[in-house]
Amino acid sequence: MISQRAWVLLPSGNRLNLLAPDPQAWTDRDLAIGLSRTYRWAGYSAWDHPLSVAQHSLTVLALRQQSAGRRLTRAEARRELLHDATEALLGGYDPITPLKPHLGDGYRKLVALHQQAVDERYCLPAWDDDAHRAHKQADHLAAASEAFHVVGWSKDAIRNDLEILVEPATEDPLFLEGGFSAWEPWPASYAAERFTETLSFLNRDSAGMTIPARTAELA
């Protein structure tokens with residue numbers, strides 16, 4: 000009898016067993032590449048590039064930091080940055096929220112298994128009610144802003160059809176550079192670079208460290 004297996008070969012050369020994910024199987028760069036090539040909004044965009052989950056994750060982190068009224072701890076910031084990390088590990092799949100309940104209990108268990116591996120790998124603290132509520136507010140604000148600025152949904156359709164009840168943000172919370180416009184989706188290679196840089200910063204001990212300019216607000 001052939002045992003069950005579902006291997007993914009990662010850019011690092013490591014293999015990830017999707018049915019029994021080892022928290023040490025992937026590198027941070029593997030994760031960043033996976034998220035930079037997993038697309039929000041089914042890959043549809045009014046721009047030249049689709050919006051990656053890597054860029055979305057950085058947006059949520061920035062919005063959450065703005066709303067916190069204090070500096071997030073590095074563990075809290077990692078938890079925000081990695082809130083969609085399982086989507087990279089599960090083969091670059093980002094189903095829109097209304098589809099997820101139709102994918103069944105097997106899918107939910109698989110996501111939970113990968114989330115457990117991410118939590119263990121990055122020492123993520125468990126959500127308490129207040130932290131999770133604040134996270135969802137940032138996530139919903141990011142979604143409304145992406146729907147409006149990236150995909151082209153009207154504000155009425157965002158409220159009535161997508162049932163996202165927050166107004167899109169006007170200002171892009173991410174640091175703008177390299178000729179990119181506000182809310183413009185980044186190329187995958189650049190999104191992976193920014194994600195890797197931020198995760199590397201959040202993984203390091205702060206003692207004696209020079210803080211990258213783009214992540215200085217997280218110190």
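Residue numbers for the sequence shown follow numbering that gives the first Met the number 0, beginning at 0 and rising by one. The beta-carbon is built from N, C-alpha and C at its ideal position, and this holds for glycine as well. Quick caveat, the model's predicted, so the values are computed rather than measured.
Residue environment, residue i, which counts as buried when at least 16 other CB atoms sit within 10 Å
{"i": "Ile210", "result": "The predicted model places Ile210 with a pLDDT of 41, which falls under 50 and marks its position as unreliable, so this point remains unresolved."}
{"i": "Arg222", "result": "Lying before the first or after the last residue shown, residue 222 is absent from the chain, which here runs from 0 to 218."}
{"i": "Pro100", "result": "exposed"}
{"i": "Asp129", "result": "exposed"}
{"i": "Tyr43", "result": "exposed"}
{"i": "Arg69", "result": "exposed"}
{"i": "Asp160", "result": "exposed"}
{"i": "Leu175", "result": "exposed"}
{"i": "Thr197", "result": "buried"}
{"i": "Ala116", "result": "buried"}
{"i": "Ala206", "result": "Below a pLDDT of 50, predicted positions are generally treated as unreliable, and Ala206, at 44, falls in that range; the measurement from the model is reported next regardless. Per the 10 Å Cβ criterion, exposed."}
{"i": "Met0", "result": "Bear in mind that a pLDDT of 43 at Met0, under 50, signals an unreliable position, so the model cannot answer this."}
{"i": "Tyr38", "result": "buried"}
{"i": "Gln3", "result": "exposed"}
{"i": "Ala75", "result": "Here the sequence assigns Glu to residue 75, which means Ala is not the residue at that position. So Glu75 counts as buried."}
{"i": "Ala5", "result": "exposed"}
{"i": "His148", "result": "buried"}
{"i": "Ala41", "result": "exposed"}
{"i": "Gly90", "result": "exposed"}
{"i": "Thr195", "result": "buried"}
{"i": "Leu34", "result": "buried"}
{"i": "Pro172", "result": "buried"}
{"i": "Ala31", "result": "buried"}
{"i": "Ala156", "result": "exposed"}
{"i": "Leu15", "result": "buried"}
Run of the alpha helix (DSSP H) containing residue i, from where it starts to where it stops
{"i": "Leu198", "result": "Ala187 to Asn202"}
{"i": "Asn159", "result": "Lys154 to Asn159"}
{"i": "His131", "result": "Asp128 to Glu145"}
{"i": "His113", "result": "Gly103 to Tyr121"}
{"i": "Leu88", "result": "Thr85 to Leu88"}
{"i": "Glu79", "result": "Arg73 to Leu80"}
Span of the beta strand (DSSP E) around residue i
{"i": "Leu15", "result": "Arg14 to Asn16"}
{"i": "Val7", "result": "Trp6 to Leu8"}
Contact with chain D by residue i, beta-carbon distance below 9 Å
{"i": "Gly177", "result": "Looking for chain D here will not work: only one protein chain is present."}
Identity of the residues DSSP links to residue i by a beta bridge
{"i": "Tyr38", "result": "Ser51"}
Cβ pair residue i, residue j closer than 9 Å
{"i": "Pro184", "j": "Pro49", "result": "yes"}
{"i": "Thr58", "j": "Ser199", "result": "no"}
{"i": "Glu79", "j": "Leu60", "result": "yes"}
{"i": "Gly151", "j": "Ala24", "result": "no"}
{"i": "Leu102", "j": "Leu17", "result": "no"}
{"i": "Val165", "j": "His139", "result": "yes"}
{"i": "Leu201", "j": "Arg77", "result": "yes"}
{"i": "Ser51", "j": "Arg36", "result": "yes"}
{"i": "Ala137", "j": "Ser188", "result": "no"}
{"i": "Ile163", "j": "Ala146", "result": "yes"}
{"i": "Leu112", "j": "Ala19", "result": "yes"}
Whole-number beta carbon distance between residue j and residue i, since they are thought to touch under 8 Å
{"i": "Thr72", "j": "Gln114", "result": "So it is not a contact: roughly 20 Å between Cβ atoms."}
{"i": "Ala190", "j": "Ala53", "result": "4 Å"}
{"i": "Asn13", "j": "Asp27", "result": "Contact doesn't hold; Cβ gap of about 12 Å is too wide."}
{"i": "His82", "j": "His131", "result": "Contact doesn't hold; Cβ gap of about 10 Å is too wide."}
{"i": "Pro22", "j": "Arg120", "result": "4 Å"}
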